[in-house]
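Respectively, the protein sequence lines represent chains A and B.
FYI, my numbering numbers position 14 of the first sequence as 54, with every residue one higher than the one before it.
FYI, my numbering numbers position 15 of the second sequence as 384, with every residue one higher than the one before it.
Every residue, glycine too, gets a C-beta built ideally from N, C-alpha and C.
As the structure is a prediction and not an experimental result, all values here were calculated from the model.
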Amino acid sequence: GQQLNQSPQSMFIQEGEDVSMNCTSSSIFNTWLWYKQDPGEGPVLLIALYKAGELTSNGRLTAQFGITRKDSFLNISASIPSDVGIYFCAGQALTGANNLFFGTGTRLTVIP
Amino acid sequence: DAGITQSPRHKVTETGTPVTLRCHQTENHRYMYWYRQDPGHGLRLIHYSYGVKDTDKGEVSDGYSVSRSKTEDFLLTLESATSSQTSVYFCANGAGNEAFFGQGTRLTVV
Numbered sequence: 041g042q043q044l045n046q047s048p049q050s051m052f053i054q055e056g057e058d059v060s061m062n063c064t065s066s067s068i069f070n071t072w073l074w075y076k077q078d079p080g081e082g083p084v085l086l087i088a089l090y091k092a093g094e095l096t097s098n099g100r101l102t103a104q105f106g107i108t109r110k111d112s113f114l115n116i117s118a119s120i121p122s123d124v125g126i127y128f129c130a131g132q133a134l135t136g137a138n139n140l141f142f143g144t145g146t147r148l149t150v151i152p
Numbered sequence: 370d371a372g373i374t375q376s377p378r379h380k381v382t383e384t385g386t387p388v389t390l391r392c393h394q395t396e397n398h399r400y401m402y403w404y405r406q407d408p409g410h411g412l413r414l415i416h417y418s419y420g421v422k423d424t425d426k427g428e429v430s431d432g433y434s435v436s437r438s439k440t441e442d443f444l445l446t447l448e449s450a451t452s453s454q455t456s457v458y459f460c461a462n463g464a465g466n467e468a469f470f471g472q473g474t475r476l477t478v479v
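If you want it as structure tokens, here you go:
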């Protein structure tokens, strides 16, 4: 399957700090998605990116679709305790079926 | 909102027994997916469907089968459960390039 490398694997930050995480692929994707998962719940879609170079915001969250189509990053500004969770990137390949490949996640802990 | 209901939410079964997990959507999305989530592996696609009776294999399809007889229902069957199939299973749906997830089914094979 597709290899998606997500980093960092975990982060411990103080409330109010900004956060940055990224995802790289060995293959080209035509869609990048970012999800957040809370314990015992399914992933929830945060941001969707469809075009190389695209920069999209959702409140305090900003994500970008890399120019090479092989990477994406997610920034969270002014973190708050409810940002705690696991963040996943997902990419959809150019060819083949309409399905997504996921990174292994970044576990975010926000210290009040 | 995915409008997805997964059942059961939790199940413990014995090795060698058949198991069926159910996914029901209230949306009319064309695409439905089954993923499994395991520590260190993230979410991996098992099977997906692109329409009624149209299904295809994903990355980790061995030991699993699916059926979609109606737009709203997508079933995942483990023909003979093994301990390696202990996992959290997520159903998802979507109309295009996005996927929206249900709350998951935690399956333990003992």
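The beta-carbon of residue 79 of chain A is placed no less than 8 Å from the nearest beta-carbon of chain B. If you draw a straight line from the Cα of residue 476 of chain B to the Cα of residue 381 of chain B, it comes to about 6 Å.
The beta carbon of residue 414 of chain B falls within 8 Å of a beta carbon belonging to chain A, placing the residue at that interface. Residues of the same chain with a CB within less than 7 Å of the CB of residue 123 of chain A, apart from the 5 flanking positions on each side, are 116, 148, 150 in chain order. Note that the C-beta distance between residue 128 of chain A and residue 106 of chain A is not below 8 Å. Cβ-Cβ separation between residue 434 of chain B and residue 446 of chain B: approximately 5 Å, consistent with a contact (criterion under 8 Å). Between residue 379 of chain B and residue 474 of chain B, the alpha-carbon positions lie close to 5 Å from each other. Residues of the same chain with a CB within less than 6 Å of the CB of residue 92 of chain A, apart from the 5 flanking positions on each side, are 105, 107, 109 in chain order.
According to the DSSP secondary-structure assignment, residue 423 of chain B is paired through a beta bridge with B/420. DSSP places residue 478 of chain B inside the beta strand (DSSP E), whose first and last residues are 474-478. In this model, residue 383 of chain B and residue 478 of chain B are separated by some 5 Å (Cα to Cα). Here the alpha carbons of residue 458 of chain B and residue 390 of chain B stand approximately 9 Å from one another. Under the 10 Å beta carbon count, residue 103 of chain A is surrounded by 16 or more other beta carbons and is classified as buried.
From the beta-carbon of residue 127 of chain A, no residue of chain B is found nearer than 9 Å; the closest lies around 11 Å away.
The distance from the Cβ of residue 428 of chain B to that of residue 393 of chain B is about 24 Å, inconsistent with a contact at the 8 Å cut-off. Residue-level contact check: residue 462 of chain B does not touch chain A, since none of the beta carbons of chain A fall below 8 Å from its beta carbon. Residue ranges of uninterrupted beta strand (DSSP E) with 3 or more members, entirely inside the stretch 385-412 of chain B and ordered along the chain, are 388-394, 400-407.
In its chain, beyond the 5 residues on either side, 404, 406 have a beta carbon closer than 6 Å to the beta carbon of residue 412 of chain B.
In terms of Cα proximity to residue 396 of chain B, the closest of B/372, B/471, B/455 is B/372. In the DSSP assignment, residue 436 of chain B falls within the beta strand (DSSP E) that extends over 433-439. Cβ-Cβ distances below 6 Å link residue 88 of chain A to 73 in the same chain, with the five nearest sequence neighbours on each side left out; the list follows chain order.
Taking 7 Å as the upper bound on Cβ-Cβ separation, chain B lies near residues 81, 82, 83, 85, 88, 90 of the stretch 75-101 of chain A. Judged by DSSP secondary structure, residue 127 of chain A falls within the beta strand (DSSP E) whose first and last residues are 125-133.
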